[in-house]
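Numbers in my numbering are just positions in the sequence shown, counted from 1, shifted up by 21. Structure first, then comments.
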Amino acid sequence: MIGLAFYNSTNTTLDLNGPFLRFTSTPESVTVDAGASVTLSGLATAEFKHNPTTIPGERVTNTGDIAYQWYIDGTAAEDVSGKISGSQTNELTIQDLQNPSETGKSVFLRATYVESAYQSASGAITAGIARSTGKASNENQRLDSNAAGTVLVTVNPTISIDTQPEEATAAQGIDATFTIEASASDGSDVLYQWTQDGNPLSDSDTVSGATTPTLTISSTTIGTTTIGVNVSHPTAGNSPISSDGVDFQVVSARTIIQYYEHADGGSFYGSGSKNLFEGNLTLNANSSRSTQTVSFYSPEQDIIVKISLGAAGGASRGGNSGGQGGTSTFILSMAKDQEFILKLGSQTQPTGGTNGGGGAAYIYEKGRLLVALGGGGGAGTNGNGGDGGGIEIAGQNGGGRGGGSGGSSFETGTLPTIGVFPGGNVYGGVNWSSSTGGRISGCTIGGSYWQNRFSPCDDTGERRFANSQGTEISQTPIIQRGYKSGIGHRNNGGNGSGNNGGGGSGAQGGNAGSNDSGGGGASGYSSGDVELVSTQLGGNSSTLAFCTFEYYVAD
Numbered sequence: 022m023i024g025l026a027f028y029n030s031t032n033t034t035l036d037l038n039g040p041f042l043r044f045t046s047t048p049e050s051v052t053v054d055a056g057a058s059v060t061l062s063g064l065a066t067a068e069f070k071h072n073p074t075t076i077p078g079e080r081v082t083n084t085g086d087i088a089y090q091w092y093i094d095g096t097a098a099e100d101v102s103g104k105i106s107g108s109q110t111n112e113l114t115i116q117d118l119q120n121p122s123e124t125g126k127s128v129f130l131r132a133t134y135v136e137s138a139y140q141s142a143s144g145a146i147t148a149g150i151a152r153s154t155g156k157a158s159n160e161n162q163r164l165d166s167n168a169a170g171t172v173l174v175t176v177n178p179t180i181s182i183d184t185q186p187e188e189a190t191a192a193q194g195i196d197a198t199f200t201i202e203a204s205a206s207d208g209s210d211v212l213y214q215w216t217q218d219g220n221p222l223s224d225s226d227t228v229s230g231a232t233t234p235t236l237t238i239s240s241t242t243i244g245t246t247t248i249g250v251n252v253s254h255p256t257a258g259n260s261p262i263s264s265d266g267v268d269f270q271v272v273s274a275r276t277i278i279q280y281y282e283h284a285d286g287g288s289f290y291g292s293g294s295k296n297l298f299e300g301n302l303t304l305n306a307n308s309s310r311s312t313q314t315v316s317f318y319s320p321e322q323d324i325i326v327k328i329s330l331g332a333a334g335g336a337s338r339g340g341n342s343g344g345q346g347g348t349s350t351f352i353l354s355m356a357k358d359q360e361f362i363l364k365l366g367s368q369t370q371p372t373g374g375t376n377g378g379g380g381a382a383y384i385y386e387k388g389r390l391l392v393a394l395g396g397g398g399g400a401g402t403n404g405n406g407g408d409g410g411g412i413e414i415a416g417q418n419g420g421g422r423g424g425g426s427g428g429s430s431f432e433t434g435t436l437p438t439i440g441v442f443p444g445g446n447v448y449g450g451v452n453w454s455s456s457t458g459g460r461i462s463g464c465t466i467g468g469s470y471w472q473n474r475f476s477p478c479d480d481t482g483e484r485r486f487a488n489s490q491g492t493e494i495s496q497t498p499i500i501q502r503g504y505k506s507g508i509g510h511r512n513n514g515g516n517g518s519g520n521n522g523g524g525g526s527g528a529q530g531g532n533a534g535s536n537d538s539g540g541g542g543a544s545g546y547s548s549g550d551v552e553l554v555s556t557q558l559g560g561n562s563s564t565l566a567f568c569t570f571e572y573y574v575a576d
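Okay, structure coming up:
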């Protein structure tokens, strides 16, 4: 009876209400090493909601299907041979993952409910567009797994050694440096641990940088050990990796002279070194570089060396001989990493007096003059030049009726701090027309830059060699220095004219000759800080000064 709310019901295979989609399992984030493959999976189900109590006889046939589509970084995935498979199934495989190009990928699975065609009581599916199942209740009949969070595929980086360390040799107690270059494929930081004979190193008085790309190490034990480094990364799949093992050889501290050739004005000409145990080192004046300076030092230890020094001889003229340069041999103690300066003259102006005066030979310890040897006087057409004096020896007078006077000697350690140029100028520069010799400074004066900052004998601290304006020469090392470029009153030979020979330069410069006579030789000097072995008047007939370093063993 309809009026009494009774009705007849007939069961059919038609599902009037569509299902709800739900993931029973979802893909999870995964981390793999580079080159590995990953398989992600998810599973969805279609559920029909009903209430048999209120709707008697309701049943669910659920003859529809669930379709799947994987998305990578928001784009529908497609199968790619050798790379991606299962992109439209509930199981996705990605092969040969790489870092950094493929790390951090976001992946999710989309499930879509596909309704079936009408199904009769006999089980037959009716062709046509009619559907026996309703649409899924989820919006657009689909559900994404990322409702529970997007899956991230993380690919661990790989680490590699780009530059291997190289072997090194150092003297006892002297630092050796080892370096390595390593990297991670994603640019993140790598970790270092240096080893010696396989044992991890740590920073100490003899080791620094044990966990950095650069290791500095020293030892007083003679012998060879193996240095290596382990490179690691907290997530790299191939961590840790080890470098090549290289030799660290510690040898007996050597008697090494390291030298640099440059101009006081800043030009750099070259450098070199010599282990005196293996042979002598001789440096000569360069007549084309009248202002050349040689700075030298001992890089490995305090050493004692034997030095033979010779000033330049004067030029010959009209059949007459120029005076010989003074020569001396002495013992010099050199503290490690402390500046010494060598100035070697020639007869080429302006290092000696004009008209063939021989240039001096000078050695400074930082700013203090240690040794000066006198250059020979230049010959005139009517007389020979006078010989220059070695340490503690006055210069010889020039030959001829108007021979120039030789430079007077100074007792050990008595040379005044401030010298004079020929003609008596102190700061005004060389008077190239004056025939009267000048006097060397006991300490370097330098240009105005130095004069405004330091006294002549002061040290200037740890620095590179600097020119008269204080600009450092980048190719020179940082050591203890005190030499001041500029004024030192080194060009102090009397200047000849016409057929008169010029005076040699030295401690006290020789005077130029007159009446076509030879110039006087300059005198030699010592501050008293060297041990004199031998000294003489003359001895070097070459127009180039020289300095020879020899290995020395005390008796």
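Built from N, CA and C at the ideal position, the CB exists for glycine as well. Every value quoted in this text rests on a predicted model; they were computed, and no experiment measured them.
| said: Could you check whether N516 and S429 sit closer than 8 Å to each other, using their CB atoms as the reference points? | reply: The answer is no: Cβ separation not under 8 Å.
| field | Residue burial classification, I277 (beta-carbon count within 10 angstroms, cutoff 16) | value | I277 comes out buried.
| Q109 and Y89 closer than 8 Å at C-beta | A contact, by the Cβ cut-off of 8 Å.
| request: Thinking G407 and G540 are a contact (beta carbons under 8 Å), I'd like their distance in whole angstroms, please. | output: At roughly 7 Å, the Cβ-Cβ gap stays under 8 Å, so G407 and G540 are in contact.
| From N305, N536, E493, F570, pick the residue whose C-alpha is nearest to that of G287; which is it? | Closest by alpha carbon: E493.
| message | Tell me the rounded alpha-carbon separation between S264 and I461. | response | C-alpha separation (whole angstroms): 58 Å.
| task | Tell me whether Q193 sits in a helix, a strand or coil according to DSSP, three-state version. | result | Three-state result, Q193: coil.
| field | For G399 and N536, the rounded distance between their alpha carbons | value | In this model, N536 and G399 are separated by some 14 Å (Cα to Cα).
| Do the region 474-490 and the region 401-421 make contact, defined as three or more Cβ pairs closer than 8 Å? | In short, these stretches do not touch, since the Cβ pair count stays below three.
| task | Please say whether I414 and G343 have beta carbons closer to each other than 8 Å? | result | Pairing G343 with I414 gives a Cβ-Cβ distance that is not under 8 Å.
| query | Near E483, what residues of its chain come up, given a Cβ to Cβ distance below 8 Å and the 5 sequence neighbours on each side ignored? | reply | Within the same chain, E483 has close Cβ partners I499, I500, Q501, R502.
| Continuous beta strand (DSSP E) stretch holding Q19: start and end | Residue 19 lies beyond the stretch modelled for the chain, which goes from 22 to 576, so this question has no answer here.
| query | D496: buried (16+ other C-beta within 10 angstroms of its C-beta) or exposed? | reply | Position check: residue 496 holds Gln in this sequence, whereas Asp was assumed. Taking every protein chain shown into account, the CB of Q496 has fewer than 16 other CB atoms within 10 angstroms, so this residue is exposed.
| Is F442 helix, strand or coil when you go by DSSP? | In this structure, F442 counts as coil in the three-state DSSP scheme.
| query | Buried or exposed: where does G560 fall if 16 or more other Cβ atoms within 10 Å of its Cβ makes it buried? | reply | Buried is the label assigned to G560, since at least 16 other Cβ atoms lie within 10 Å of its Cβ.
| Check whether G525 and G440 have beta carbons under 8 Å apart | Judged by beta-carbon spacing, G440 lies beyond the 8 Å limit of G525, meaning their Cβ atoms are not closer than that value.
| field | Whole-angstrom distance between L164 and T50, CA atom to CA atom | value | The identity of residue 50 in the sequence shown is Ser, whereas the question assumes Thr. Rounded to the nearest angstrom, the two C-alpha atoms are 19 Å apart.
| message | Using a Cβ-Cβ cutoff of less than 6 Å, which residues in the same chain neighbour D196 once the five nearest sequence positions on both sides are dropped? | response | Take D196, set aside five residues on each side of it, and the residues of its chain with a beta-carbon closer than 6 Å to its own are T237, S239, in chain order.
| query | So what does DSSP say about L436, is it helix, strand or coil? | reply | Judged by DSSP in its simplified three-state form, L436 adopts coil rather than helix or strand.
| One or two residues paired with L391 in a DSSP bridge | Within the DSSP bridge table, the entry for L391 names no partner.
| Is the beta carbon of G395 sitting closer than 8 Å to the one on G377? | Judged by their CB atoms, G395 and G377 are not nearer to each other than the 8 Å cut-off.
| field | Closest by C-alpha distance to I115, when choosing among Y290, T96, S166, A57 | value | The shortest Cα separation from I115 among Y290, T96, S166, A57 belongs to A57.
| request: Count the other CB atoms, across all protein chains shown, that sit within 10 Å of the CB of A151; report buried if there are 16 or more and exposed otherwise. | output: Note that A151 scores 45 on pLDDT, short of 50, meaning its location in the model is unreliable; the coordinates nonetheless yield the value given after this. That one is exposed.
| message | Can you give me the C-alpha to C-alpha distance between F570 and D358, rounded to a whole angstrom? | response | F570 and D358 have their C-alpha atoms spaced approximately 17 Å apart.
| Buried or exposed: G78, going by 16 or more other Cβ atoms within 10 Å of its Cβ? | The pLDDT assigned to G78 is 49, lower than 50, so where the model puts this residue is not dependable, and the model offers no usable value.
| said: Using CA atoms only, rank isn't needed, just tell me which of L297, E282, E299 is closest to Y291. | reply: One detail in the question is off: residue 291 reads as Gly in this sequence, not Tyr. Ranking the options by Cα distance to G291, first place goes to E282.
| request: Would you tell me roughly how many angstroms separate the C-alpha atoms of T233 and W471, rounded to the nearest one? | output: Whole-angstrom Cα-Cα distance: 40 Å.
| Straight-line gap, V176 to R275 (C-alpha atoms, nearest Å) | Near 53 Å, if we compare the C-alpha coordinates of R275 and V176.
| request: Put W215 into one of helix, strand or coil per three-state DSSP. | output: Of the three classes helix, strand and coil, the one that applies to W215 here is strand, per DSSP.
| query | Candidates I105, E188, L61, A67: which alpha carbon is nearest L130's? | reply | Taking only the C-alpha atoms, the option nearest L130 is L61.
| What number of angstroms, rounded off, separates the C-alpha of V574 from the C-alpha of G427? | Near 36 Å, if we compare the C-alpha coordinates of G427 and V574.
| Which two residues bound the contiguous beta strand (DSSP E) that contains Q270? | DSSP places Q270 in the uninterrupted beta strand (DSSP E) bounded by 267-272.
| task | Along the alpha helix (DSSP H) that carries S469, what are the first and last residues, could you check? | result | S469: member of the alpha helix (DSSP H) spanning 469-472, first to last residue.
| request: Go ahead and label Y92 buried or exposed: buried means 16 or more other beta carbons lie within 10 angstroms of its beta carbon, across all protein chains shown. | output: Burial call: buried.
| request: Taking G534 as the reference, give the member of S294, G397, F289, T45 with the closest Cα. | output: Of S294, G397, F289, T45, the residue nearest in Cα terms is G397.
| message | Assuming contact is defined by CB atoms lying nearer than 8 Å, are Y572 and L297 in contact in what I supplied? | response | Taking the C-beta atoms as reference points, L297 is found nearer than 8 Å to Y572.
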